[in-house]
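Chemist: This structure is in structure tokens; I'll ask about it shortly.
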Amino acid sequence: MAGITKRTTAFDDENLSGRSQKLYFEVTEEENYTYYGNHEVDFNKRTSIDCEGIDAHELNQKIRDAIRKGYGSIVIKNPGAKHSLGVGILNKLNLIFEGSLGYFGIGCIDGPTVRVNGRVGWSCAENMMSGKVVVENNAGSCFGAALRGGDLIVKGDAGARTGIDMKGGTILIGGNAGAYTGFMMQRGRIIVCGDVNANMGDSMYDGIIFVGGEPHSLGTDCVPGEMNEHEVRWLEQKIKNAEIDCKVPASKFKKYVAGRMLWNYDNLEPAEKKGILG
Amino acid sequence: MCGIAGVINKQKTVNVGEQMGLMLQGLKHRGPDSTGYAMYGTPLKKGFVMRFKISENEAEKVNATVDSPADLKNRKNAVDSILKKHGAKVTKESSSTPYAFRYIFDFKGDLTDLATEIETVEKTEILSIGKGLELIKDLGDANTVSNQYGLDKFMGTHGIGHTRMATESDVDIKSAHPYWAFPFEDVSVVHNGQLTNYWGNRRVLERKGYRFNSNCDSEIIAVYIADKMANGIELEKAMHDSLDELDGVFTYVVATKDQLGMAKDHMAAKPMVIYESKDIVACASEEVAIRNIFPHEIKTYDPYEAEVKVWQA
Numbered sequence: 008m009a010g011i012t013k014r015t016t017a018f019d020d021e022n023l024s025g026r027s028q029k030l031y032f033e034v035t036e037e038e039n040y041t042y043y044g045n046h047e048v049d050f051n052k053r054t055s056i057d058c059e060g061i062d063a064h065e066l067n068q069k070i071r072d073a074i075r076k077g078y079g080s081i082v083i084k085n086p087g088a089k090h091s092l093g094v095g096i097l098n099k100l101n102l103i104f105e106g107s108l109g110y111f112g113i114g115c116i117d118g119p120t121v122r123v124n125g126r127v128g129w130s131c132a133e134n135m136m137s138g139k140v141v142v143e144n145n146a147g148s149c150f151g152a153a154l155r156g157g158d159l160i161v162k163g164d165a166g167a168r169t170g171i172d173m174k175g176g177t178i179l180i181g182g183n184a185g186a187y188t189g190f191m192m193q194r195g196r197i198i199v200c201g202d203v204n205a206n207m208g209d210s211m212y213d214g215i216i217f218v219g220g221e222p223h224s225l226g227t228d229c230v231p232g233e234m235n236e237h238e239v240r241w242l243e244q245k246i247k248n249a250e251i252d253c254k255v256p257a258s259k260f261k262k263y264v265a266g267r268m269l270w271n272y273d274n275l276e277p278a279e280k281k282g283i284l285g
Numbered sequence: 020m021c022g023i024a025g026v027i028n029k030q031k032t033v034n035v036g037e038q039m040g041l042m043l044q045g046l047k048h049r050g051p052d053s054t055g056y057a058m059y060g061t062p063l064k065k066g067f068v069m070r071f072k073i074s075e076n077e078a079e080k081v082n083a084t085v086d087s088p089a090d091l092k093n094r095k096n097a098v099d100s101i102l103k104k105h106g107a108k109v110t111k112e113s114s115s116t117p118y119a120f121r122y123i124f125d126f127k128g129d130l131t132d133l134a135t136e137i138e139t140v141e142k143t144e145i146l147s148i149g150k151g152l153e154l155i156k157d158l159g160d161a162n163t164v165s166n167q168y169g170l171d172k173f174m175g176t177h178g179i180g181h182t183r184m185a186t187e188s189d190v191d192i193k194s195a196h197p198y199w200a201f202p203f204e205d206v207s208v209v210h211n212g213q214l215t216n217y218w219g220n221r222r223v224l225e226r227k228g229y230r231f232n233s234n235c236d237s238e239i240i241a242v243y244i245a246d247k248m249a250n251g252i253e254l255e256k257a258m259h260d261s262l263d264e265l266d267g268v269f270t271y272v273v274a275t276k277d278q279l280g281m282a283k284d285h286m287a288a289k290p291m292v293i294y295e296s297k298d299i300v301a302c303a304s305e306e307v308a309i310r311n312i313f314p315h316e317i318k319t320y321d322p323y324e325a326e327v328k329v330w331q332a
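Heads up: the sequence lines are chains B and A, in that order.
Our numbering numbers the first residue of the first sequence as 8 and each following residue consecutively.
Our numbering numbers the first residue of the second sequence as 20 and each following residue consecutively.
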């Protein structure tokens with residue numbers, strides 16, 4: 008509670024403790040970080056599911072059934088840009104989509120490694136907690152909305168409001184990004200190898216946006232920051248790991264941060280806690 | 020929410036009715052209230068094709084009208100006599116429902132005068148007049164409307180369509196999209212979104228003498244674009260202007276006798292996915308609609324904010 012004093016105004020005499028001032032995480036605390044119903048899977052055990060003629064609910068159920076049987080690698084054939092495919096997977100898994108996804112694809116996931124050999128529609132990987140997602144073509148708007156953790160990679164372009172409201176994790180875009188990228192972002196990092204359209208980082212609270220090209224304009228609260236050596240090395244490694252052919256060297260990237268101290272997110276997100284505890 | 024779609028086949032006449040039907044059926048979940056098609060067949064060398072309705076298909080009474088057969092007969096006779104009075108000679112006549120008709124007629128007079136007088140007949144609305152444009156809209160999903168009007172074999176170059184979830188006005192035919200830009204031949208529009216300066220713009224256009232048949236905000240886009248084009252402005256420029264002059268969140272698709280265009284607002288708040296190849300361009304609110312005509316994997320993309328695109332047939 009250090010630094011927080013009782014604030015009295017005409018409207019509010021509540022004692023504001025501040026969420027982030029509470030030390031709610033102890034590394035010694037005994038917390039079970041596995042989900043109920045998690046299954047041990049073998050990545051060498053492989054199966055495929057054909058999405059032709061079945062709806063999202065049925066496909067998602069089939070994925071769960073395969074996980075239950077211990078399959079660690081699942082290939083989805085003919086996804087046909089259907090909506091809400093592969094959502095809510097809270098398990099280690101190697102998931103490959105042989106085609107494009109519609110809206111809300113692979114949302115609310117925690118753990119799997121996903122490859123999409125196609126395009127993704129609006130709100131892909133929304134609320135993702137951990138894991139890795141690689142999209143081979145382009146992504147629609149709200150890519151990685153409210154992202155909490157993990158790596159979200161698109162090799163082509165991403166639409167408007169990429170990383171809106173994100174609270175952790177990394178979004179890496181091989182091409183360009185649309186307007187309002189990083190809108191209201193609270194934590195995490197966005198890397199755009201190409202250009203960014205208008206109002207980048209509008210109303211951002213915290214977090215960092217790295218841009219290889221040029222942002223068309225900065226939104227309210229977004230200001231240029233200074234790159235340090237660690238960040239250059241981190242960028243280099245991230246881009247190399249994602250196998251993105253970025254024409255701009257990491258040292259030439261520009262860094263943008265929040266300009267106003269409206270935040271205090273000193274504590275760790277659940278996904279980060281998991282990282283520490285292994 | 021609403022779903023919009025458009026398709027244009029470059030220098031080729033195909034079964035565009037089937038293409039649009041498949042795409043719009045794929046968008047049914049975005050708007051189940053009504054479905055509309057604006058399709059462009061081979062342009063007539065002589066005369067015009069007109070689609071009109073003489074009654075309303077009320078939402079509560081699907082496939083039924085509140086008007087008696089005698090009322091409908093009287094209204095149709097009134098339309099026929101107005102056409103005759105203006106010197107229009109009907110060469111072909113057909114109807115799929117008791118309240119909707121398709122006429123092909125030879126005419127050399129003033130189209131605005133004719134259209135205006137036809138619409139003085141009670142409950143009568145011209146859905147479209149053009150050389151190639153045929154606009155069909157009714158309550159129900161894409162398959163329902165297509166079957167009702169026999170659209171699955173419509174041969175043409177391009178078309179646009181709409182599945183409507185009513186938010187701003189009633190569930191009826193007059194509020195269904197697409198909108199024809201009265202009285203300009205062959206201009207039609209479908210729209211997904213909300214326009215917030217509708218009434219101000221409507222008053223400006225009404226003062227110029229344009230009539231609005233509904234209170235639906237989308238209708239203004241068609242009239243706005245047609246007004247600009249009537250003043251010699253290119254379609255693409257008119258669409259760029261609309262991004263600054265129309266306020267709100269919107270994505271719309273517009274078609275003329277040989278062009279298809281799309282525009283997205285500055286906020287990019289409404290979706291659009293585009294597939295382009297050398298033979299065909301298809302755009303829709305969701306990729307799943309385009310995939311109904313291309314079952315194999317295709318490379319698609321989202322246009323960015325304030326983007327305008329126009330394709331030639």
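Where a beta carbon is used, it is the ideal one built from N, C-alpha and C, also for glycine.
Determine the closest residue to residue 129(A) out of 101(A), 234(A), 218(A) and 315(A), with distance taken between C-alpha atoms.
Modeler: 101(A)
Chemist: Assign residue 225(A) to buried or exposed, taking buried as 16 or more other Cβ atoms, counted over all protein chains shown, within 10 Å of its Cβ.
Modeler: exposed
Chemist: Here's the rule I'm using: 16 or more other beta-carbon atoms within 10 Å means buried, otherwise exposed. How should residue 94(A) be labelled?
Modeler: buried
Chemist: In angstroms, rounded to a whole number, what distance separates the CA positions of residue 168(A) and residue 45(A)?
Modeler: 19 angstroms
Chemist: By Cβ distance below 6 angstroms, which residues in the same chain neighbour residue 255(B) in space, the five residues on each side in sequence not counted?
Modeler: 219
Chemist: Tell me the residue span of the beta strand (DSSP E) that contains residue 57(A).
Modeler: 53–59
Chemist: Just to make sure I have the definition right: I need the residues of chain A whose C-beta is within less than 9 angstroms of the C-beta of residue 164(B). Which are they?
Modeler: 320, 321 and 323
Chemist: So which residues of chain A does residue 129(B) contact, with C-beta pairs closer than 7 angstroms?
Modeler: 290
Chemist: Cβ atoms of residue 25(A) and residue 274(A): under 8 angstroms apart, would you say?
Modeler: yes
Chemist: Spell out whether any CB of chain A is found under 8 angstroms from the CB atom of residue 30(B).
Modeler: Here residue 30(B) scores only 42 on pLDDT, less than 50, and its place in the model is too uncertain to base an answer on.
Chemist: What's the call for residue 177(B), buried or exposed, on a 16-neighbour Cβ count within 10 Å?
Modeler: buried
Chemist: In the segment 190–226 of chain A, which residue ranges form an unbroken alpha helix (DSSP H) of at least 4 residues, counting only runs that do not cross its ends?
Modeler: 217–226
Chemist: Under 8 angstroms, do residue 50(A) and residue 197(A) count as touching if we go by C-beta distance?
Modeler: With contacts defined as CB atoms closer than 8 angstroms, residue 50(A) and residue 197(A) fail to qualify as a contacting pair.
Chemist: Can you list, in chain order, the residues of its chain with a C-beta nearer than 6 angstroms to that of residue 211(B)? Leave out the 5 residues immediately preceding and following it.
Modeler: 189, 192, 228, 229 and 265
Chemist: Can you find the residues in the same chain that come closer than 6 angstroms, C-beta to C-beta, to residue 30(A), ignoring five residues on each side of it along the sequence?
Modeler: Nothing listed; no residue qualifies.
Chemist: Name the chain A residues whose beta carbon is nearer than 7 angstroms to that of residue 223(B)?
Modeler: Within 7 angstroms Cβ-Cβ: nothing; residue 223(B) doesn't reach chain A, min ~10 angstroms.
Chemist: Could you check if residue 199(A) is buried or exposed, using at least 16 other CB atoms within 10 Å of its CB as the buried criterion?
Modeler: buried
Chemist: In terms of residues, what are the limits of the alpha helix (DSSP H) holding residue 28(A)?
Modeler: Run containing residue 28(A): none in the alpha helix (DSSP H); it sits in the beta strand (DSSP E), 22–28.
Chemist: Counting beta carbon pairs with one atom in the segment 199–212 of chain A and one in the segment 240–254 of chain A, are three or more of them shorter than 8 angstroms?
Modeler: yes
Chemist: Quick one: which chain B residues come within Cβ less than 9 angstroms of residue 287(A)?
Modeler: 148, 166, 167, 168, 185, 186, 187 and 204
Chemist: When you measure from the CB of residue 219(B) to every non-hydrogen atom of the ligand NAD, does any distance come out below 7 angstroms?
Modeler: As far as ligands go, the structure on display features none, and thus does not contain the ligand NAD.
Chemist: Below 8 angstroms, can you find three or more Cβ-Cβ pairs linking the segment 32–46 of chain A to the segment 278–294 of chain A?
Modeler: no
Chemist: Could you check where the beta strand (DSSP E) with residue 310(A) kicks off and where it finishes?
Modeler: That residue, residue 310(A), is in no beta strand (DSSP E); it is neither H nor E in DSSP.
Chemist: Please give me, in chain order, every unbroken run of the alpha helix (DSSP H) with length at least 4 that falls completely inside the segment 111–177 of chain A.
Modeler: For the alpha helix (DSSP H) assignment, the uninterrupted runs of no fewer than 4 residues enclosed by the segment 111–177 of chain A are, from N- to C-terminal side, 130–137 and 161–168.
Chemist: Can you tell me where the alpha helix (DSSP H) with residue 249(A) in it begins and where it stops?
Modeler: 238–249
Chemist: Give the DSSP-derived three-state secondary structure of residue 70(B) in the structure shown.
Modeler: DSSP places residue 70(B) within a helical segment (H, G or I) once states are collapsed to three.
Chemist: Between the alpha carbons of residue 297(A) and residue 243(B), how many angstroms are there, rounded?
Modeler: 38 angstroms
Chemist: Using a C-beta to C-beta distance shorter than 8 angstroms, which residues of chain A count as neighbours of residue 125(B)?
Modeler: Those within 8 angstroms of residue 125(B) in chain A are 316.
Chemist: Please confirm whether residue 114(B) has its beta-carbon closer than 8 angstroms to some beta-carbon of chain A.
Modeler: no
Chemist: CA-CA distance, residue 258(B) and residue 239(B)?
Modeler: 6 angstroms
Chemist: Between residue 310(A) and chain B, is any beta-carbon pair separated by less than 8 angstroms?
Modeler: yes
Chemist: With a CB to CB cut of under 8 angstroms and the five nearest residues on each side skipped, what residues in its chain are close to residue 16(B)?
Modeler: Residue placement at residue 16(B) is poorly supported in this model, since its pLDDT is 40, which falls under 50; the coordinates are not used for a value here.
Chemist: When you compare the CB of residue 88(B) with every CB in chain A, is at least one pair closer than 8 angstroms?
Modeler: yes
Chemist: If you run the structure through DSSP and keep just helix, strand and coil, what is residue 69(A)?
Modeler: strand
Chemist: So, at 6 angstroms on beta carbons, what are the nonlocal neighbours of residue 124(B) in its own chain, with the 5 sequence-adjacent residues on each side left out?
Modeler: 105 and 143
Chemist: So who's on the other strand from residue 158(B), going by DSSP bridges?
Modeler: 139(B) and 177(B)
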